[in-house]
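Data first, discussion second: the structure below is written as structure tokens.
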Amino acid sequence: MIDIESHLGNEADDLLGHKCETIDKSNLYLPGPDFVDRVVADSDRSPAVMASLQRLFDHGRLGGTGYLGLLPVDQGIEHSGGASFGPNPIYFDPKNIVELAMEGGCNGVASTLGVLSSVARRYAHRIPFILKLNHNETLSLPPVSDQTLFADVEQAKNMGCAAVGATIYYGSPECRRQIQEISEAFERAHELGMATVLWAYLRNDAFKKDGVDHHTSADLTGQAIHMAATINADIVKQKMATNNRGYTEIGFGNTHERVYDTLSSDHPIDLARYQVANCYMGRTGLINSGGSSGSDDYAQAVRTAVINKRAGGTGLISGRKAFQKSMKDGVALLNAIQDVYLDDNVTIA
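Each residue of the sequence shown is one higher than the one before, starting from 987 at the first, in my numbering.
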């Protein structure tokens, strides 16, 4: 187990000792070994979907805890193969992507149709697969930001996936079409017995104002999460909130002052707690993004995991921080994240 306090540095006392006085933890549906029986069983999810979710929750080092640590590797399409795998070209081979997830003790691996289908017969029965259905095509010039379907739900079912995933760019000109497409895809996935994971991202240049990027504002990301839960995402992936007042600073939409003075604060755990509240108070699991790779990946990954767990979140999804390193170092980073969720001393705030 890692020394969490040493990774948090001078933030250790603030993050590990914070008491949330915004939305009390008693109002949340918290992760736990019985999450599917205790929470998902209230929903309209079929026994087959519940079994697929339980398969995810039972796998890897976090199996049986109610928390998730996922490896997502769709960046070869979302960014480009060269940009993503240039730092470590072994991951051009899909086998190594799945091996990293397995060696790293992940609950599951999320990737493209091509990556997963190319190794499905070897690995689909050994680790839960999550097929990412849509992607942003990056060869257009000038660039176009739009999530387009690259695969369909039946392909995921046929290769033995436990779940499907998709991205919606909320706030983009194309988001209404994406909402309709993915809502229909998620309904079909549930009919076929698979769980659903939504990357609920914001995408609009107008969300940047006066030098502040509100793509990670708690109020705006919270609403994206709320819409993700509305189309029956079982798990929502969202970037960790770093600021607030996107609605009021940009000057659009609908909000309430209590969002800022009562339901959240400037503390990162309280900002994440507001995100969890928008997941139907935790009925839908919130997993935060691990972010891009940099010079302090271990510290940033541990910090994000601590905030997510103490806020009431369900886990972390970390890609580039892991696969842009050697296999050994990538496994160590994934294990460091998992250690946070395995540490009983890191409690819900």
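C-beta atoms are modelled at their ideal positions from N, C-alpha and C, and glycine is treated no differently.
Which residues DSSP lists as bridging residue i, in chain order
i	result
Gln1133	Asn1122
Ile1303	Leu1056 and Ser1275
Ala1181	Ala1149
Asp1199	Lys1194
Tyr1156	Leu1188
Proximity winner among the options, relative to residue i (alpha-carbon distances)
i	options	result
Ala1210	Ile1255, Tyr1246 and Cys1161	Cys1161
Leu1135	Leu1119, Cys1147 and Met1180	Leu1119
Asp1030	Glu1064, Asp1199 and Ala1181	Ala1181
Ala1297	Gln1133, Tyr1155, Tyr1260 and Glu1173	Tyr1260
Gly1055	Gly1299, Thr1202 and Gln1310	Gly1299
Met1213	Asn1321, Glu1123 and Leu1184	Leu1184
Asp1315	Leu1302, Ser1279 and Ile1009	Ser1279
Lys1225	Leu1302, Ala1096 and Leu1320	Leu1302
Ile1063	Arg1047, Asn1122, Gly1072 and Thr1051	Asn1122
Ala1171	Met1313, Thr1153, Gly1157 and Pro1159	Thr1153
Pro1129	Asn1331, Asn1013, His1242 and Ser1066	Ser1066
Arg1112	Arg1269, Cys1006, Leu1320 and Gly1046	Gly1046
Ala1027	Asp1330, Asn1274 and Thr1270	Thr1270
Ser1251	Ala1227, Asn1264 and Asn1274	Ala1227
Asn1264	Leu1002, Leu1001, Asn1013 and Asp1000	Asn1013
Phe963	Asp1044, Leu1001 and Asp1010	What the structure shows of the chain is the stretch from 987 to 1335, and residue 963 is not part of that stretch, so it cannot be assessed.
For residue i, the three-state DSSP class (helix, strand or coil)
i	result
Gly1232	helix
Ser1104	helix
Ser992	helix
Ile1116	strand
Ser1097	strand
Lys1314	helix
Thr1285	Per the sequence presented here, residue 1285 reads as Ala, with Thr not at that position. In the structure shown, Ala1285 sits in a helix (DSSP, three-state: H, G or I).
Tyr1109	helix
Ala1186	strand
Tyr1327	helix
Met1267	helix
Lys1143	helix
His1176	helix
Leu1319	helix
Glu1007	coil
Val1292	helix
Ile1334	coil
Asp1138	coil
Leu1002	helix
Proximity of residue i and residue j at Cβ, strictly below 7 Å
i	j	result
Ala1186	Val1245	no
Val1262	Leu1272	yes
Val1105	Lys1081	yes
Asn1230	Ala1204	yes
Gly1305	Val1059	yes
Val1035	His1176	yes
Ile988	Asp1325	yes
Ile1323	Ala1287	yes
Ile1255	His993	no
Gly1090	Leu1042	no
Ile1217	Ser1281	no
Leu1057	Ala1087	yes
Tyr1266	Ala1219	no
Leu1178	Val1150	no
Gly1157	Leu1127	no
Gly995	Pro1019	no
Gly1310	Pro1073	Looking at the sequence shown, residue 1310 is not Gly but Gln. Against a cut-off of 7 Å, the Cβ pair of Pro1073 and Gln1310 comes out as a contact.
Glu1007	Ala998	no
Ala1110	Gly1068	no
Lys1195	Ile1236	yes
Leu1048	Tyr1233	no
ask   = Considering only residues of the stretch 1204 to 1265, which uninterrupted beta strand (DSSP E) runs meet the minimum length of 3 residues and lie entirely inside it, listed in chain order?
value = List check, beta strand (DSSP E) in window: 1221 to 1224.
inquiry  = Just to confirm the assignment: which complete alpha helix (DSSP H) runs, minimum length 4, are found wholly within the stretch 1020 to 1095?
reply    = Qualifying alpha helix (DSSP H) stretches, in chain order: 1021 to 1024, 1033 to 1044, 1061 to 1064, 1067 to 1071 and 1080 to 1089.
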